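Shown next, in structure tokens, is the structure this report addresses.
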Amino acid sequence: MTNPPVLLRLDAVEAGYGSLRILKGISFEVCAGEIVTLIGSNGAGKTTVLNAICGVVPPRRGTVTMDGHDITRLQPHEIASRGVVHVPEGRKLFPDMTVAENLEMGAHLRRDRAGIRADMEKMYNLFPILGERRHAPAGALSGGEQQMCAIARGLMARPRIMMFDEPSLGLAPKLVEQIFGIIRAINDEGTTVLLVEQNAHMALQLAHRGYVIATGEITLSGSGSELLGNEMVKRLYLGEA
Amino acid sequence: MTVPTVSLLSSLAAVVRGRAFAWLLYFAVAAALPFLLQAVLGESFSWGARTLCYVGIYAIAALGLNIVVGYCGLLNLGFGGFMLIGAYTTGILMKEYGFSFWAAALVSVGHGALWGIILGIPTLRLTGDYFAIVTFGFSQLVTMTAMNWDRITRGTKGYPGIPRPEVDLTWIPGVSFRHQFQITSIYEYWYLVAALLALCLFVADRLLRSRLGRAWQALREDEVAAEACGINAMWYKTLAFAISAGYGALAGSIIATYDTMISTKVFDFMTSVYVLCYVVLGGMGTVLGPLAGTALLVTLVEWLRENPAAQLARVMSWWPAAADWLARVPYQPDMRFVLYGILLILMIRFRPEGLLPNRARARELHEHGEAGDPDHESLFELRQR
Numbered sequence: 003m004t005n006p007p008v009l010l011r012l013d014a015v016e017a018g019y020g021s022l023r024i025l026k027g028i029s030f031e032v033c034a035g036e037i038v039t040l041i042g043s044n045g046a047g048k049t050t051v052l053n054a055i056c057g058v059v060p061p062r063r064g065t066v067t068m069d070g071h072d073i074t075r076l077q078p079h080e081i082a083s084r085g086v087v088h089v090p091e092g093r094k095l096f097p098d099m100t101v102a103e104n105l106e107m108g109a110h111l112r113r114d115r116a117g118i119r120a121d122m123e124k125m126y127n128l129f130p131i132l133g134e135r136r137h138a139p140a141g142a143l144s145g146g147e148q149q150m151c152a153i154a155r156g157l158m159a160r161p162r163i164m165m166f167d168e169p170s171l172g173l174a175p176k177l178v179e180q181i182f183g184i185i186r187a188i189n190d191e192g193t194t195v196l197l198v199e200q201n202a203h204m205a206l207q208l209a210h211r212g213y214v215i216a217t218g219e220i221t222l223s224g225s226g227s228e229l230l231g232n233e234m235v236k237r238l239y240l241g242e243a
Numbered sequence: 336m337t338v339p340t341v342s343l344l345s346s347l348a349a350v351v352r353g354r355a356f357a358w359l360l361y362f363a364v365a366a367a368l369p370f371l372l373q374a375v376l377g378e379s380f381s382w383g384a385r386t387l388c389y390v391g392i393y394a395i396a397a398l399g400l401n402i403v404v405g406y407c408g409l410l411n412l413g414f415g416g417f418m419l420i421g422a423y424t425t426g427i428l429m430k431e432y433g434f435s436f437w438a439a440a441l442v443s444v445g446h447g448a449l450w451g452i453i454l455g456i457p458t459l460r461l462t463g464d465y466f467a468i469v470t471f472g473f474s475q476l477v478t479m480t481a482m483n484w485d486r487i488t489r490g491t492k493g494y495p496g497i498p499r500p501e502v503d504l505t506w507i508p509g510v511s512f513r514h515q516f517q518i519t520s521i522y523e524y525w526y527l528v529a530a531l532l533a534l535c536l537f538v539a540d541r542l543l544r545s546r547l548g549r550a551w552q553a554l555r556e557d558e559v560a561a562e563a564c565g566i567n568a569m570w571y572k573t574l575a576f577a578i579s580a581g582y583g584a585l586a587g588s589i590i591a592t593y594d595t596m597i598s599t600k601v602f603d604f605m606t607s608v609y610v611l612c613y614v615v616l617g618g619m620g621t622v623l624g625p626l627a628g629t630a631l632l633v634t635l636v637e638w639l640r641e642n643p644a645a646q647l648a649r650v651m652s653w654w655p656a657a658a659d660w661l662a663r664v665p666y667q668p669d670m671r672f673v674l675y676g677i678l679l680i681l682m683i684r685f686r687p688e689g690l691l692p693n694r695a696r697a698r699e700l701h702e703h704g705e706a707g708d709p710d711h712e713s714l715f716e717l718r719q720r
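Chains L and B, in that order, give the protein sequences.
First residue of the first sequence: 3, per the numbering used here; consecutive thereafter.
First residue of the second sequence: 336, per the numbering used here; consecutive thereafter.
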């Protein structure tokens, strides 16, 4: 079996805020078509990894390459235009725009009006609740609906890799299952996924491969099932004795 | 009602709500206003017409400032600087170099926009208060330059002798009357201002509903999310700043020919504050809001030059005791700014979204931290389950 090409690669990336050094040399890769998950406890640097990739927190050292091109020093909007789409923690919708307007914002870089319209219909089929509430301001949606809206907005950009930051945060178990099902469906359609999660159990079940991050460093890697069976992972992140 | 009547009424309502009707209304009102004023005001007509022209000119400025403050959500405290640049550019080009008003105004808009870009590129990375302070510094710098660059601006002596605009219709085939004339009467001036204001309203309205306007709204609501959608924040903000400065310069260039002289005092820091008041009080982020705010506040300030109590006394002649008492209320023209301040405080307290608010802006001011906020909501939802 030939390996699929590497889509996103981080090489010894260091990043932080002010004098705070959060990432201490992170290296990992995501291959095209994969679901890769980063798990770790609070404050391990999971969110900073995503922010470093999408340019919100520019890395101080190391390189981020997308499809072989160095994107380390690019502006956030330039990185977005290369197909790297971030669904941030806490959803970050435009609260006073309607659901439909939020989806249109997701397609900001696209010029194919017919394609955008077709994709919006597709989103309303994928998330029927968004279709029902398409004229409601996004700020008036419930937490789960907002998460769906954020995912749909990300998909509207037709991303090559989609990065999710804690999509299960603050959602009821039933909704979490639904969101994870959607992530799998997105992946089945060919979009590469990088998933950051605290809910390690569900993330590892879904992902092809996973990395464990602790205090700014990758401490462990392996396939989803390998990590699920690992004694340390079990003890630290799955809460099993 | 029968079905055809209902559909007729609803289509009529659609027409009334539509933009074509709004424009028709605008031109009808603009054409009739001077005559209405003459009929209503009688002797003090020239006062009314002057006020009307100022409303039109400052409405252009307010529409421009609104692009930065209302559309993008950035506080600009130095807008008067762009108006001053426009005024001097037009004055100097018309007087020294014989430019027509139209050419001079066009160059002024470009010049203002250029300074908008020059100021914008280094400062738009700053956030919130810091940005506002730098814009304030900019306007002070511009005023100081104008006051001290005697050779070009005549400094504090003011810049007099700016010609009136000329209208040349000879290039239109079939026009048989008054091919070329200079705008001098207050009627003609109002029609000039109303036409330019119409152009500015049209552009502001189109911008608001364009891809660009949507990007500005996204930046205002959440800059990080906007950039994640591929919006180049610096580029869009600089563009807003340039367009806004161009509006300011146009307003300044009309003022220059209207007053036929420029005094740096007309464009001091308070001008920036007044224009900001027109925008905030009228309603940020809408097209009609700044227009309404300007009309109300400019008229109020002009009206309050004369003792309002004494004016009231005149119409209260049927109650001599009250009229007599009112006529003796002491007043100084500068006291109008106290009344002005009270009005602003009342507005901010009871209607912070302005007279004609933007749907989204009103929600931003009233609902945040309540039902609309996801962080507050998700906890509550969890408890519900």
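By construction, the Cβ of each residue, glycine as well, lies at the ideal position given by its N, Cα and C atoms.
Computed from a predicted model, the values in this text were never measured in an experiment.
- Between T573/B and I452/B the beta-carbon gap is near 6 Å, inside 8 Å, which marks them as a contact.
- At least one beta carbon of chain L lies nearer than 8 Å to the beta carbon of I566/B.
- Closest option to G620/B, judged by alpha-carbon separation, among I420/B, E556/B and V477/B: E556/B.
- Assignment of beta-bridge partners to K94/L by DSSP yields no partner.
- Close partners of A82/L in chain B (Cβ separation under 9 Å): E562, A563, C564, G565 and I566.
- Between R541/B and G172/L, the alpha-carbon positions lie close to 40 Å from each other.
- Remark: C-beta atoms of G383/B and A586/B do not approach each other more closely than 8 Å.
- Put simply, the backbone Cα of L222/L is about 9 Å away from that of V235/L.
- Interface residue (Cβ-Cβ distance to chain B less than 8 Å): P78/L is classified as such.
- In the structure shown, the three-state DSSP call for R113/L is coil.
- Using a CB distance cut-off of 8 Å, V559/B counts as an interface residue toward chain L.
- As for any beta strand (DSSP E) of minimum length 3 sitting wholly inside the stretch 460 to 535 of chain B, the runs are 501 to 503 and 515 to 517, ordered along the chain.
- In this structure, the beta-carbon distance from T592/B to T424/B does not fall below 8 Å.
- Around P161/L, the same chain offers G85, V86, V87 and T193 as residues with beta carbons nearer than 8 Å, after the five sequence neighbours per side are excluded.
- Annotation for V601/B: I590 place their beta carbon closer than 7 Å to its own, counting only its chain and skipping 5 residues before and after.
- Contact between F473/B and L454/B holds, with the beta-carbon distance rounding to 5 Å and staying under 8 Å.
- Runs of the alpha helix (DSSP H) spanning 4 or more residues and lying entirely within the stretch 177 to 209 of chain L occur at 202 to 208, in chain order.
- A438/B has a beta carbon lying at 8 Å or more from every beta carbon in chain L.
- Less than 8 Å divides the Cβ of R640/B from the Cβ of R671/B.
- Of all residues in the stretch 537 to 553 of chain B, the ones placed with a Cβ closer than 9 Å to any Cβ belonging to chain L are R546, R549, A550, Q552 and A553, in chain order.
- Within chain B, the residues whose beta carbon sits less than 8 Å from that of A159/L are C564 and G565, listed in sequence order.
- In the structure shown, P457/B falls within a helical segment according to DSSP collapsed to helix, strand and coil.
- In its chain, beyond the 5 residues on either side, no residue has a beta carbon closer than 7 Å to the beta carbon of L343/B.
- For G212/L, the enclosing beta strand (DSSP E) starts and ends at R211 to A216.
- Here the alpha carbons of W551/B and T462/B stand approximately 15 Å from one another.
- Residues V89 and L197 of the same chain have their beta carbon placed closer than 6 Å to that of F166/L, with the five preceding and five following residues left out of the count.
- Here the C-alpha atom of L9/L lies approximately 33 Å from the C-alpha atom of A174/L.
- Those residues of the stretch 38 to 49 of chain L placed with their C-beta closer than 9 Å to a C-beta in chain B do not exist.
- 8 Å or more divides the Cβ of G218/L from the Cβ of L12/L.
- Distance from the CA of V673/B to the CA of C612/B, rounded to the nearest whole angstrom, comes to 14 Å.
- In this structure, the CA atom of V403/B is about 56 Å from the CA atom of G231/L.
- When the beta-carbon positions are compared, M125/L and A152/L stay at least 8 Å from each other.
- At a C-beta separation below 8 Å, E556/B has these neighbours in chain L: F96, P97, D98 and M99.
- Under the 10 Å beta carbon count, D485/B is surrounded by fewer than 16 other beta carbons and is classified as exposed.
- Take the alpha-carbon of G64/L and the one of M122/L: they are about 38 Å apart.
- Here DSSP, grouped into helix, strand and coil, assigns S435/B to coil.
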